[in-house]
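Read the structure below first, then the notes.
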Amino acid sequence: MSEEKRTTHKRPLSEATPEEREAYYRRKRERARRKRERELRRRALLAFSILGVIFILVFGIAIARLISGKKSDRNSSDLAAEAVSEKVVSASSVSPTPARKIQPAEIKMTFTGDVLLGTDEAFDYSTSMNAYYDTNTPDYFLQNVRSIFQQDDLTIINFESTLTEETARNMELFAFKAPPEYVNILKDATIDAANVANNHSHDYGEKSFTDTKQVLTENNITPFGYDEVIVKEVKGVRIGIFGIYELDEYGGVAPQVTECINKLKAQNCDMIIAVFHWGNELEPYPDHFQVELGHQAIDEGADLVVGHHPHVVQGIEYYKGKTIAYSLGNFLFGGNSHPTEMDTMIFQMTFGFDEQAKITSQSINVIPCLVSTTEEYNDYCPTIRQGDGAAATIAKIDTRSQQIADNYSGIEAIYNSSAPDHRVRISQTGGAGTSPSREGEAVQAVQSTS
Numbered sequence: 001m002s003e004e005k006r007t008t009h010k011r012p013l014s015e016a017t018p019e020e021r022e023a024y025y026r027r028k029r030e031r032a033r034r035k036r037e038r039e040l041r042r043r044a045l046l047a048f049s050i051l052g053v054i055f056i057l058v059f060g061i062a063i064a065r066l067i068s069g070k071k072s073d074r075n076s077s078d079l080a081a082e083a084v085s086e087k088v089v090s091a092s093s094v095s096p097t098p099a100r101k102i103q104p105a106e107i108k109m110t111f112t113g114d115v116l117l118g119t120d121e122a123f124d125y126s127t128s129m130n131a132y133y134d135t136n137t138p139d140y141f142l143q144n145v146r147s148i149f150q151q152d153d154l155t156i157i158n159f160e161s162t163l164t165e166e167t168a169r170n171m172e173l174f175a176f177k178a179p180p181e182y183v184n185i186l187k188d189a190t191i192d193a194a195n196v197a198n199n200h201s202h203d204y205g206e207k208s209f210t211d212t213k214q215v216l217t218e219n220n221i222t223p224f225g226y227d228e229v230i231v232k233e234v235k236g237v238r239i240g241i242f243g244i245y246e247l248d249e250y251g252g253v254a255p256q257v258t259e260c261i262n263k264l265k266a267q268n269c270d271m272i273i274a275v276f277h278w279g280n281e282l283e284p285y286p287d288h289f290q291v292e293l294g295h296q297a298i299d300e301g302a303d304l305v306v307g308h309h310p311h312v313v314q315g316i317e318y319y320k321g322k323t324i325a326y327s328l329g330n331f332l333f334g335g336n337s338h339p340t341e342m343d344t345m346i347f348q349m350t351f352g353f354d355e356q357a358k359i360t361s362q363s364i365n366v367i368p369c370l371v372s373t374t375e376e377y378n379d380y381c382p383t384i385r386q387g388d389g390a391a392a393t394i395a396k397i398d399t400r401s402q403q404i405a406d407n408y409s410g411i412e413a414i415y416n417s418s419a420p421d422h423r424v425r426i427s428q429t430g431g432a433g434t435s436p437s438r439e440g441e442a443v444q445a446v447q448s449t450s
């Protein structure tokens with residue numbers, strides 16, 4: 001029986017009915033969709049495969065590290081146990097970590113009163129500091145005291161001006177600035193650090209403040225103040241220094257004092273110096289805000305407190321074995337051609353340190369000076385006083401120191417010229433070897449440095 005072979009012949013799409021063409025395109029679209037889905041599934045499978053491999057690798061590494069860490073912990077425990085065992089057998093076989101050591105040293109620090117370079121542009125030029133600068137060299141201004149700064153270990157000033165080319169002054173009664181080149185006056189005198197936290201630091205705006213800090217820094221004079229603390233290492237001793245501007249808040253800066261001291265403690269400082277810009281102008285005695293802040297600084301860890309701003313010298317107080325010099329007066333002061341008080345001082349303290357950089361001794365040396373070579377007017381050349389003039393300045397400091405003692409501490413002033421040879425007599429001490437003492441007779445000390 002023969003089988004009839006049947007064949008199917010496809011018609012051209014052009015001969016198809018509209019329904020047949022629609023069905024054809026629908027099938028074609030469906031095939032394309034299925035093809036895209038297959039490609040997407042293939043790519044997804046490939047991606048998941050790659051992620052799986054990565055996960056396995058990461059998991060494997062983590063497990064390996066965990067096992068290694070546990071093994072290390074076990075080894076550390078074994079080693080610790082062995083170390084303990086060795087200590088039990090022989091305690092002397094393990095040496096303790098050596099403490100930080102330095103060579104025992106004495107460090108002499110020098111502080112001056114307000115240093116204000118330049119002038120107020122409203123002042124009479126002919127009697128201004130700028131006129132003296134224009135007719136002299138920079139070394140004129142500190143020529144009579146430069147050797148003192150050069151012979152110490154650390155010289156710190158209160159810099160109460162701006163070194164800037166800015167022209168827009170703040171709306172204050174007085175605004176001071178000097179050309180940046182005036183920094184050579186300080187550079188030549190080997191000034192090491194400058195407090196810039198005071199009421200004239202922004203006399204020509206924020207830019208004048210940043211300009212001043214930059215100029216000082218570029219000339220190896222380290223600025224500090226406000227929230228910027230510094231550490232100076234001298235003979236292996238880490239000396240922390242901070243500056244506080246108290247005038248705007250009158251006692252409200254107590255938290256800032258704490259913050260600055262804590263910053264310096266965190267930097268492992270061996271001693272801390274607090275510098276305050278505080279008090280009332282032309283007042284010979286500190287107000288209670290000054291005393292409270294000075295005492296707070298020492299209570300919280302400062303070893304020395306030095307103050308500025310009143311433009312007159314104030315007394316020196318001995319508090320809990322530490323020294324507070326409330327105001328050093330003016331010094332190189334371009335802010336007034338005829339200051340109310342011409343007396344000033346160079347205040348020095350010498351600290352002894354042992355091998356652990358602990359303070360073992362401290363002594364005070366006050367060098368009485370004038371802000372000028374003459375008492376008649378300011379020629380902007382601080383000068384060491386001699387003879388009766390030196391004795392008069394010392395007597396003034398003594399009287400003002402005793403008033404502080406009478407008002408606040410109930411003990412004899414730290415600086416009292418009625419003591420034999422002008423030496424300190426103190427009824428309260430800060431521990432063996434730490435009570436401040438005067439370095440010889442004031443007048444003789446002055447004459448020996450001239």
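Under the UniProt record's numbering, the first residue of the sequence shown is numbered 1, with each subsequent residue one higher.
Ideal Cβ placement from N, Cα and C applies to all residues, glycine included.
Just so you know, these numbers come straight off a predicted model, no measurement behind them.
Residues that DSSP places opposite residue i in a beta bridge
i, result
"G368", "In the sequence under discussion, the amino acid at residue 368 is Pro, which differs from the Gly named in the question. Paired residues: M345."
"E218", "Per DSSP, none; premise fails for E218."
"K322", "Y319"
"P223", "A194"
"G240", "V231, I272"
"L116", "F333"
"A105", "F353"
"Y245", "H277"
"I359", "F353"
"G307", "F276"
"L328", "V313"
"T383", "L370"
"T110", "T155, Q348"
"K177", "T119"
Residue i and residue j closer than 8 Å at C-beta
i, j, result
"Q348", "D227", "no"
"Q314", "P286", "yes"
"K207", "E181", "no"
"V257", "E300", "yes"
"residue 463", "I298", "For residue 463 there is no data in the structure shown, the boundaries of the chain being 1 and 450."
"T222", "T164", "no"
"C381", "F141", "yes"
"G334", "L173", "no"
"N317", "M342", "The amino acid at residue 317 is misidentified as Asn; the sequence shows Glu. It is not a contact, given that the beta carbons lie outside the stated cut-off."
"V196", "F159", "yes"
"D120", "F176", "yes"
"S327", "Y377", "no"
"H309", "H277", "yes"
"T162", "D188", "no"
"T350", "S363", "yes"
"H242", "V229", "It is worth fixing the name first, because residue 242 is Phe in this sequence and not His. Cβ distance < 8 Å, so F242 and V229 count as in contact."
"F123", "T190", "no"
Cutoff 8 Å; reference residue i; Cβ partners in own chain excluding five residues on either side
i, result
"L154", "I107, K108, M109, T110, D192, A193, K232, V234, I239"
"C269", "V231, R238, I239, G240"
"Y319", "G294, H295, I298, S409"
"I397", "V313, G315, I316, M345, V366, P368, Y415"
"L282", "P310, H311, V312, T340, E341"
Whole-Å CB distance - residue i paired with residue j, under 8 Å assumed
i, j, result
"T112", "F331", "4 Å"
"A168", "G118", "That belief does not hold up - the Cβ atoms of A168 and G118 are roughly 16 Å apart, past 8 Å."
"D303", "I273", "7 Å"
"N144", "I384", "6 Å"
"N198", "Y245", "6 Å"
"N170", "G205", "7 Å"
Neighbourhood of residue i by C-beta distance below 6 Å, restricted to the same chain and skipping five residues each side
i, result
"A357", "I102, V237, D270"
"I185", "P138, F141"
"I404", "G315, E317"
"Y125", "A131"
"I324", "G294, V305, E317"
"L264", "V229, G240, I272"
"I156", "F111, A193"
"A105", "K235, F353"
"S201", "F209"
"M129", "T119, G334, Y380"
"Q267", "V231"
"C260", "V229, F242"
Contacts around residue i, its chain only, beta-carbon distance under 7 Å, and the 5 residues preceding and following it disregarded
i, result
"G329", "G113, H311, V312, V313, E341, D343, T344, M345"
"P284", "V312, Q314, R400"
"I61", "none"
Those runs of the beta strand (DSSP E) which lie wholly inside the segment 136-162 and span at least 3 residues
With a minimum length of 3 residues, the continuous beta strand (DSSP E) runs that stay inside the segment 136-162 are 154-159.
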